[in-house]
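Everything below concerns the one structure shown next.
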Amino acid sequence: KKKPSIFDLYQMKEKGEQITWLTSYDYPTASFCDEAGMDMILVGDSLGMCVYGYNGTVPVTMDQCIVHCEAVRRGAPHCFVVGDMPFLSYQASDEQAVLNAGRFLKEADVDAIKLEGGVRITSRIRAITDAGINVIGHIGLTPQSSGQLGGHKAQGRTAETAKLVLEDALAVQEAGAKMLLVEAVPPEVTKYIHQKLDIPVLSIGAGPHCDGQLLIVSDLIGQFQAFTPKFVKKYCNVAEVITNAMKEYCDEVRNHKFPNDDYCYKMVKGEEEKFLK
Ligand code: KIV
Ligand code: NA
11 KKKPSIFDLY QMKEKGEQIT WLTSYDYPTA SFCDEAGMDM ILVGDSLGMC
61 VYGYNGTVPV TMDQCIVHCE AVRRGAPHCF VVGDMPFLSY QASDEQAVLN
111 AGRFLKEADV DAIKLEGGVR ITSRIRAITD AGINVIGHIG LTPQSSGQLG
161 GHKAQGRTAE TAKLVLEDAL AVQEAGAKML LVEAVPPEVT KYIHQKLDIP
211 VLSIGAGPHC DGQLLIVSDL IGQFQAFTPK FVKKYCNVAE VITNAMKEYC
261 DEVRNHKFPN DDYCYKMVKG EEEKFLK
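Taken in order, the sequence shown gives residues 11 to 287; the numbers are from this note's numbering.
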């Protein structure tokens with residue numbers, strides 16, 4: 011399987027094939043995605059919570075994002091890798107947005123970048139696109155501005171707010187974005203956006219009526235324990251598997267069961283006697 015280009019992803023939309031997308035932050039997880047045949051990986055600024063234990067994404071820096079993108083790129087040569095622009099890497103000006111977006115390509119060889127916002131961010135999307143970089147828009151629940159949204163809450167649940175989400179979607183496409191991610195809105199709203207837009211529309215917590223799905227890997231594998239959003243399906247529970255393995259290890263060490271002979275090197279025959287003489 012070769013790495014999909016942006017045109018391969020467009021062709022999947024054309025054929026009605028769902029695009030699979032998952033976050034990853036490190037080399038081993040990225041290699042599992044590659045092996046699993048994942049189409050796309052997002053190196054999300056959710057790494058602030060999932061890897062560093064911050065209580066949100068706001069503290070995440072460009073340097074952190076770049077380092078994690080580099081590791082993921084090495085682990086997943088056959089996936090379309092998306093770098094996520096952290097808070098304050100693109101809000102201040104078009105120029106800063108272009109320079110920071112460019113770092114993801116120059117330093118980490120990603121295939122696209124993602125940034126949050128609709129109508130309010132169109133000039134950034136245009137500027138980065140004009141620099142020759144694939145931009146993926148992100149609307150609905152936008153965690154970097156969750157302070158303004160009153161927390162991590164579903165968006166577009168009333169006719170009035172659903173219209174705002176639709177306006178954001180149209181603005182993102184108009185500005186030149188190559189794909190759109192919609193987060194935490196009711197499926198009816200996503201379905202309508204999907205009908206109206208030409209670019210692929212991806213969902214995280216925004217229902218099935220679109221061109222593909224994204225989840226956060228730490229949620230999918232049961233690694234992130236602080237809270238679980240409604241839209242998360244846990245496909246396994248690695249926290250339990252790992253914690254149990256660690257408990258067993260502690261138990262065996264304390265009870266002198268580990269390491270037994272199976273885990274020890276053997277001295278060359280006859281050398282022990284000479285050594286002890
Ligand atoms: O950082 C991230 O993982 C994201 C998803 C929550 C959409 O942006
Ligand atoms: Na993000």
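Think of the CB as a built atom: it goes at the ideal place given N, C-alpha and C, for glycine as much as any other residue. All figures in this text were calculated on a predicted structure; none of them were measured in a lab.
Look up residue i in the DSSP assignment and give the residues it is bridged to.
{"i": "M189", "result": "I146"}
{"i": "Q223", "result": "T30, S213"}
Could you spell out the range, first to last residue, of the beta strand (DSSP E) harbouring residue i?
{"i": "F90", "result": "90–94"}
{"i": "I29", "result": "29–33"}
{"i": "S213", "result": "211–214"}
In angstroms, rounded to a whole number, what distance separates the CA positions of residue i and residue j?
{"i": "P218", "j": "G186", "result": "24 Å"}
{"i": "G232", "j": "K244", "result": "6 Å"}
{"i": "I143", "j": "V199", "result": "28 Å"}
{"i": "C60", "j": "G280", "result": "53 Å"}
{"i": "S34", "j": "D121", "result": "15 Å"}
{"i": "L180", "j": "A81", "result": "34 Å"}
{"i": "N270", "j": "E258", "result": "15 Å"}
{"i": "Y20", "j": "Y100", "result": "26 Å"}
{"i": "P196", "j": "L207", "result": "17 Å"}
{"i": "R134", "j": "T253", "result": "44 Å"}
{"i": "E27", "j": "M48", "result": "13 Å"}
{"i": "Q223", "j": "G112", "result": "26 Å"}
{"i": "V182", "j": "G128", "result": "6 Å"}
{"i": "N247", "j": "L286", "result": "49 Å"}
{"i": "A236", "j": "I123", "result": "27 Å"}
{"i": "L109", "j": "I131", "result": "16 Å"}
{"i": "V68", "j": "G58", "result": "8 Å"}
{"i": "V145", "j": "E126", "result": "11 Å"}
{"i": "G166", "j": "E177", "result": "11 Å"}
{"i": "F114", "j": "V53", "result": "11 Å"}
{"i": "H204", "j": "V242", "result": "21 Å"}
{"i": "L230", "j": "P239", "result": "11 Å"}
{"i": "M22", "j": "V227", "result": "23 Å"}
{"i": "L32", "j": "M50", "result": "7 Å"}
{"i": "R83", "j": "E282", "result": "48 Å"}
{"i": "Q154", "j": "G66", "result": "8 Å"}
{"i": "G215", "j": "K163", "result": "11 Å"}
Since residue i is in the alpha helix (DSSP H), which residue starts that stretch and which ends it?
{"i": "L286", "result": "281–286"}
{"i": "L19", "result": "16–25"}
{"i": "H204", "result": "197–206"}
{"i": "Y37", "result": "37–46"}
{"i": "I231", "result": "No alpha helix (DSSP H) contains I231, which DSSP labels as neither H nor E."}
{"i": "N254", "result": "248–264"}
Touching or not, the region 37–44 and the region 135–150, by the rule of three or more beta carbon pairs under 8 Å?
With a cut-off of 8 Å, the region 135–150 and the region 37–44 do not count as touching, because too few Cβ pairs lie within range.
Of all the beta strand (DSSP E) runs that stay within the bounds of the region 48–105, which reach a length of 3 or more residues?
50–53, 90–94
Would you mind listing the alpha helix (DSSP H) stretches within the region 107–188 that are 4+ residues and don't spill past its ends, in chain order?
Counting only unbroken stretches of 4 or more residues, the alpha helix (DSSP H) elements lying wholly within the region 107–188 are 132–140, 156–159, 169–184, in sequence order.
If we count Cβ pairs, one from each stretch, closer than 8 Å, do we get three or more for the region 149–157 versus the region 188–204?
yes
Can you find at least 3 beta carbon pairs, one from the region 255–266 and one from the region 78–96, that sit closer than 8 Å?
Contact between the region 255–266 and the region 78–96 is not established, with fewer than three Cβ pairs separated by less than 8 Å.
Check whether the region 110–121 touches the region 64–77, counting contact only when three or more Cβ pairs, one atom from each stretch, lie closer than 8 Å.
yes
Quiz: which residues have CB nearer than 7 Å to ligand 4 non-hydrogen atoms:
By its list of ligands, the structure shown excludes ligand 4, since it contains just ligand 1 and ligand 2.
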